[in-house]
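Residue numbers (this note's numbering), protein chains in the order written: chain A, 1 to 207; chain B, 1001 to 1207.
Cβ coordinates follow ideal geometry from the N, Cα and C atoms, glycine included.
Report on the structure given below.
There are 2 protein chains.
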Amino acid sequence: MSTEPRAASVRSPRLPRDERRAQLLSAALEVFAANGYHGAAMDDIAETAQVSKPVLYQHFPSKRELYLALLDSHLATLEELMKTALGSTSDNRERVRAVMRAYYEFIAKDDKAHRLVFESDLVNDPDVASRLENFNRGFAEAIARVIAADTKLPMVEAQLLGRSLAGMAQVSARYWLETSGDLPIDVASDLVSRLAWRGISRFPKEA
Amino acid sequence: MSTEPRAASVRSPRLPRDERRAQLLSAALEVFAANGYHGAAMDDIAETAQVSKPVLYQHFPSKRELYLALLDSHLATLEELMKTALGSTSDNRERVRAVMRAYYEFIAKDDKAHRLVFESDLVNDPDVASRLENFNRGFAEAIARVIAADTKLPMVEAQLLGRSLAGMAQVSARYWLETSGDLPIDVASDLVSRLAWRGISRFPKEA
DNA sequence: TCCAGGTGGAAATCAAGATCGGCATCCAGA
DNA sequence: TCTGGATGCCGATCTTGATTTCCACCTGGA
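What follows is the structure, encoded as structure tokens:
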């Protein structure tokens, strides 16, 4: 996709529908990630994509639908990464490590997507809230199952701890990204997963 | 403050400036907590306060300044609670426990304030972002100091773990509130602080 | 050459933040 | 007791930014 500045009044070259849609999503991701939903104008997205606004409305019924399409796409990617990491081993300690590593890698690879997902300013929208909650619940429940298997804690308590560890992953990974370079990704994700594992592995026995 | 419906065209009773300001902040908290910054209209806040919009602008230069005033007020309260909990003991394990408990109590007591602080949809605003970051940094650094003292880890690594545990506290407390009644506050905050403590207390020695 | 489909300049519409101009009321001082 | 100034109040409207749509043009492939 050429992103060279396009002369005024020169039309954007025609693209097949699917390619145009993908390009619009890419432009939208840039603008939403940089400015948030509320700080982004459809004018800005059109400008970034080097098309006019009606082109956006040809592919997406509204600004909100555009945002939801993007969110869905990136949540699907992340869910797949988490699922792969969880299924990569049957050893619980290695599972926690793999999940933490996958999380950090997702964030290192695509900080725009991570901002879209984890720093949304549209969380009061029910459709956005439900998508994020679905993801968070699935993630935390997967961890809760590991905890319940390893500790014999009742599920209610394992759920709370699952959320705790999911929170640990999310917040620490964002912090690591913001201070990037202080610690290599291997060291950072390993450190946090060791903290997590040590916390888990001593339940319910207590020193 | 009377919140009985006011007859149309009947003026709101005069209040001294300070009382009115406090009342407006209270109404604003309700509306911002329920709808977020972007979903709240000044009309809504005026209606909740049972005054007209110009009265809002008499006390706050703009919608954004009103929001920042509220945020400052509640962040100050939370910071005080955290400071008190950290200073309540010199035993590191009890510190972690006291901080977790204080966090859960803040959230149990005032879910509107917690939503304002932790689920803001104005995080792209630099002034909001910096306030939240200042709080988060202070909180995580306090925990990092406990970790560094107890584990002899270098500060860079203790900082990352501090953020991890701060994230654990925030996300788990929100989840606990949403599933309120599943676990009593004592059990929930104790569980999470034990997870945190076990994670910390085994660094750097490894089983 | 024709037409389906991709394109845009311009403007309509609308919601909401902020302000104007004046009203109402309370109280201190004459 | 009365009055005028200070202060608190509001209905109506202005302003602005942004979403969405209208209507017509352009172009590439059959």
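- Exposure of Q58 (chain A) is indicated by the presence of fewer than 16 other C-beta atoms within 10 angstroms of its C-beta.
- The criterion of a C-beta distance shorter than 7 Å is not satisfied by V1096 (chain B) and G167 (chain A).
- Contact between A144 (chain A) and G162 (chain A) holds, with the beta-carbon distance rounding to 3 Å and staying under 8 Å.
- When 9 Å is used as the limit between beta carbons, E1119 (chain B) is near these residues of chain A: V123, N124, in chain order.
- Taken through DSSP and simplified to helix, strand or coil, F1106 (chain B) comes out as helix.
- Between A1140 (chain B) and N1134 (chain B), the alpha-carbon positions lie close to 10 Å from each other.
- Along the region 1064 to 1085 of chain B, there is no position whose C-beta sits under 9 Å from a C-beta of chain A.
- DSSP places N1124 (chain B) outside any alpha helix (DSSP H), giving it a letter other than H or E.
- Counting only Cβ-Cβ distances below 7 Å, S172 (chain A) has contacts in chain B at L1160, R1163, S1164, G1167, in chain order.
- The beta carbon of M42 (chain A) sits closer than 7 Å to those of K53, L56, K63, all from its chain and outside the five residues before and after it, given in chain order.
- Contact annotation, Y175 (chain A) with L1153 (chain B): C-beta distance approximately 16 Å; criterion of less than 8 Å not satisfied.
- DSSP places V192 (chain A) in the helix class (H, G or I) of the three-state scheme.
- Around the C-beta of T89 (chain A), fewer than 16 other C-beta atoms lie within 10 Å, and the residue is accordingly described as exposed.
- With its beta carbon at least 7 Å from every one in chain A, D1150 (chain B) lies outside the interface.
- Under the DSSP assignment, Q1050 (chain B) falls outside any alpha helix (DSSP H); it carries neither an H nor an E label.
- Residues of chain A with a Cβ closer than 9 Å to the Cβ of H1038 (chain B) are, in chain order, Y37, H38, D121, L122, N124.
- When A:R93, A:Y103, A:D91, A:Y67 are compared, the shortest CA-CA separation from L78 (chain A) is found for A:Y103.
- The C-beta separation of I1185 (chain B) from A1108 (chain B) comes to about 6 Å, placing the pair in contact by the 8 Å criterion.
- Contact holds between the region 1115 to 1125 of chain B and the region 31 to 49 of chain A, because three or more Cβ pairs, one in each stretch, are under 8 Å apart.
- Counting along the chain, F118 (chain A) sits inside the alpha helix (DSSP H) bounded by residues 111 to 118.
- Rounded to whole angstroms, the Cβ separation of S1164 (chain B) and V192 (chain A) is 5 Å, and the two are in contact under 8 Å.
- Look at G1199 (chain B): its C-beta is under 7 Å from a C-beta on chain A.
- Under the Cβ criterion of 7 Å, L1029 (chain B) is not counted among the residues facing chain A.
- Chain-order list of chain B residues neighbouring Y175 (chain A): L1160, R1163, by C-beta distance under 7 Å.
- Contacts between A1041 (chain B) and chain A, judged by CB atoms closer than 9 Å, are missing: the closest CB pair is about 13 Å apart.
- DSSP places G39 (chain A) inside the alpha helix (DSSP H), whose first and last residues are 17 to 39.
- Below the 7 Å Cβ cutoff, chain B contributes R1198 as neighbours of R202 (chain A), in chain order.
- Within chain A, the residues whose beta carbon sits less than 8 Å from that of L1191 (chain B) are E157, L160, L161, listed in sequence order.
- Counting other Cβ atoms within 10 Å of its Cβ, G1087 (chain B) stays below 16 and is therefore classed as exposed.
- Take the alpha-carbon of A1098 (chain B) and the one of H1114 (chain B): they are about 18 Å apart.
- Taking a 10 Å sphere around the C-beta of R101 (chain A), we find 16 or more other C-beta atoms and assign the residue as buried.
- Residues of chain A with a Cβ closer than 9 Å to the Cβ of L1183 (chain B) are, in chain order, V156, E157, L160.
- F60 (chain A) places its beta carbon 7 Å or farther from that of L81 (chain A).
- Around the beta carbon of R1014 (chain B), fewer than 16 other beta carbons lie within 10 angstroms, which makes this residue exposed.
- If you draw a 10 Å sphere on the C-beta of A1076 (chain B), you find fewer than 16 other C-beta atoms in it, and that means exposed.
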